[in-house]
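Asks: So the sequences go chain by chain: A and B.
Counting in my numbering, the first sequence runs from 830 upward without gaps.
Counting in my numbering, the second sequence runs from 830 upward without gaps.
Backbone N, C-alpha and C define an ideal beta-carbon position, used for all residues, glycine too.
Number of protein chains: 2
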Amino acid sequence: MQMKTGVEQSVYAILILQMLPDKAVLPGEAISQQLGASSTYFQKLLRKLVSADLITSVPGVKGGFKLKKKPENIRVYDIYLAIEGKQSLYCSSGVLCDMLALEEVDQCCLLTGLMEEAESSWKAVLKRETIATLYEKTKKDYPEKAEMLQAWVQEKKVL
Amino acid sequence: MQMKTGVEQSVYAILILQMLPDKAVLPGEAISQQLGASSTYFQKLLRKLVSADLITSVPGVKGGFKLKKKPENIRVYDIYLAIEGKQSLYCSSGVLCDMLALEEVDQCCLLTGLMEEAESSWKAVLKRETIATLYEKTKKDYPEKAEMLQAWVQEKKVL
DNA sequence: GTACTTTTACTCGGATACCGTCTGTCCGAGTAATTATGG
DNA sequence: CCATAATTACTCGGACAGACGGTATCCGAGTAAAAGTAC
Chain A
830 MQMKTGVEQS VYAILILQML PDKAVLPGEA ISQQLGASST YFQKLLRKLV
880 SADLITSVPG VKGGFKLKKK PENIRVYDIY LAIEGKQSLY CSSGVLCDML
930 ALEEVDQCCL LTGLMEEAES SWKAVLKRET IATLYEKTKK DYPEKAEMLQ
980 AWVQEKKVL
Chain B
830 MQMKTGVEQS VYAILILQML PDKAVLPGEA ISQQLGASST YFQKLLRKLV
880 SADLITSVPG VKGGFKLKKK PENIRVYDIY LAIEGKQSLY CSSGVLCDML
930 ALEEVDQCCL LTGLMEEAES SWKAVLKRET IATLYEKTKK DYPEKAEMLQ
980 AWVQEKKVL
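1) Under 8 Å by Cβ, that's how I've got SER950 of chain B and VAL954 of chain A pegged, so tell me the actual separation to the nearest angstrom.
2) Please check if any C-beta of chain B sits within less than 7 Å of the C-beta of GLY889 of chain A.
3) Is any beta-carbon of chain B found at less than 7 Å from that of TYR964 of chain A?
4) Determine the closest residue to ILE960 of chain A out of B:LYS833, B:GLU945, B:LEU939, B:LYS956, with distance taken between C-alpha atoms.
5) Mind pulling the chain A residues with CB within less than 7 Å of THR834 of chain B?
6) Would TRP951 of chain B pass as an interface residue toward chain A - the criterion being a Cβ-Cβ separation below 7 Å?
7) Within 10 angstroms of its Cβ, does TYR870 of chain A collect 16 or more other Cβ (buried), or is it exposed?
8) Give me the DSSP bridge partner(s) of THR959 of chain A.
9) Beta strand (DSSP E) containing SER886 of chain B: first to last residue?
10) Kindly list the residues whose CB is nearer than 8 Å to the CB of TYR841 of chain B, restricted to its own chain and excluding five residues on each side of it in sequence; keep chain order.
11) Taking the alpha-carbon positions, what's the SER1011 of chain A to GLU932 of chain A distance?
12) Taking its Cβ as the centre, do 16 or more other Cβ atoms sit within 10 Å of LEU844 of chain A, making it buried, or is it exposed?
13) Measuring only between beta-carbons, confirm whether LEU896 of chain A sits less than 7 Å from chain B.
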């Protein structure tokens with residue numbers, strides 16, 4: 830039971846895209862290189878982010894990706910949801926139904942309620958942080974590094 | 830990213846063992862049958878619970894398993910920990926280190942702090958419920974079924 | 001110089017392979033109660 | 001009847017096979033800008 834590595838990569842990818850000026854895009858290849866990720870697989874992640882309406886894509890020469898929403902409106906939770914999907918962490922196998930021979934199929938698990946509460950509590954934390962706040966932290970913790978990254982984005986940007 | 834089914838089975842197994850009178854044990858085979866689980870694999874789960882000091886085992890004829898702690902001292906969280914292990918839900922791959930060329934290896938991830946907080950919040954909920962409270966809920970929700978289960982335990986118990 | 005074609009550099013989506021983990025099965029070893037055996 | 005041996009019914013732990021999901025690679029198709037070509 831562990832979160833996919835794709836979530837972390839996606840967060841950083843969006844953090845990079847957030848540095849782009851308006852109307853500019855960044856090719857997926859460039860992002861994957863910067864992240865040191867497998868290029869082809871990383872593009873699959875980007876498409877998930879597109880499906881989730883977090884970023885938009887433009888095909889063709891001078892194409893690439895850019896943010897669809899404002900950084901302050903993209904929560905870590907949204908990225909998590911885009912990559913991991915919406916199925917919950919806990920899924921009862923209905924053992925209790927068989928064991929107690931219960932007719933009522935729904936909610937025949939003693940743990941489901943508790944687990945849903947736990948998951949909500951977990952997700953609530955992920956909903957607090959946004960790309961905007963994450964970027965502020967970056968600038969605060971590593972100001973010169975953030976500058977470097979910004980420069981790299983300016984160099985690689987298209988359009 | 831989904832919890833193992835073994836956690837649910839283990840919770841119900843301990844819920845059954847909790848019904849045993851003192852000094853009595855229940856063979857793993859009987860429990861697995863009641864749960865409708867694969868017998869051989871389920872015994873692996875039981876051994877994990879033994880390692881976690883939640884239950885004790887006695888070998889030999891008339892052997893089996895019984896609780897090691899009192900039901901009110903066994904939290905759902907303890908069972909989760911015994912089965913899933915102690916590694917956290919989120920594990921940074923250190924992408925940010927490479928990307929920003931950071932020397933400081935530890936805590937070079939913008940998400941680790943947030944994720945740890947989220948996980949703590951999640952675990953806190955699992956720590957609230959114990960086998961004792963879970964048993965109370967069962968008796969309250971399905972009083973006659975709990976009675977049936979209790980009768981079955983009396984029939985199957987050893988010693 | 002304009003209209004058209006070709007090339008180029010991207011995204012998109014499916015098919016497929018690899019690998020680690022969870023699930024499940026099997027076997028031999030250890031343990032202790034029960035049963036069988038011999039005196 | 002008592003002591004010892006054999007059987008039985010469990011747990012224990014390792015080795016191993018299968019299923020599944022995440023990761024990764026490759027390919028053809030679509031798209032649009034740029035470059036080339038013809039008149």
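Replies: Reading it off the structure:
1) Along the second sequence, read from residue 1 onward, the residue named residue 950 of chain B stands at position 121. Along the first sequence, read from residue 1 onward, the residue named residue 954 of chain A stands at position 125. Correct: roughly 6 Å between the Cβ atoms.
2) Taking the first sequence and counting its residues from 1, the one referred to as residue 889 of chain A is at position 60. No, its Cβ sits nowhere closer than 7 Å to a Cβ of chain B.
3) Walking along the first sequence from the start, residue 964 of chain A turns up at place 135. Answer no: the Cβ-Cβ gap between TYR964 of chain A and chain B never drops below 7 Å.
4) Locating residue 960 of chain A in the first sequence gives position 131, where the first residue counts as 1. The option with the nearest alpha carbon to ILE960 of chain A is B:LEU939.
5) For the purposes of this step, residue 834 of chain B is taken as residue 5 along the second sequence, with counting starting at 1. Here the neighbours are SER922.
6) Translated into positions along the second sequence, residue 951 of chain B becomes position 122. With 7 Å as the cut-off, TRP951 of chain B counts as an interface residue toward chain A.
7) Position 41 of the first sequence holds residue 870 of chain A. Exposed, because fewer than 16 other Cβ atoms sit within 10 Å of the Cβ of TYR870 of chain A.
8) Working through the first sequence from its first residue, we reach residue 959 of chain A at position 130. Answer by DSSP bridge pairing, in chain order: A:ARG904.
9) As a first step, residue 886 of chain B must be located in the second sequence, where it is residue number 57. Annotation for SER886 of chain B: the continuous beta strand (DSSP E) segment containing it runs 884-887.
10) Your numbering for residue 841 of chain B matches position 12 in the second sequence. Closer than 8 Å at Cβ, skipping near neighbours: LEU864.
11) The question about residue 1011 of chain A has no answer, for chain A in this structure spans 830 to 988.
12) Within the first sequence, numbered from 1, the residue matching residue 844 of chain A stands at position 15. Buried, because 16 or more other Cβ atoms sit within 10 Å of the Cβ of LEU844 of chain A.
13) Against the first sequence, residue 896 of chain A aligns to sequence position 67. Chain B contact via Cβ: absent.
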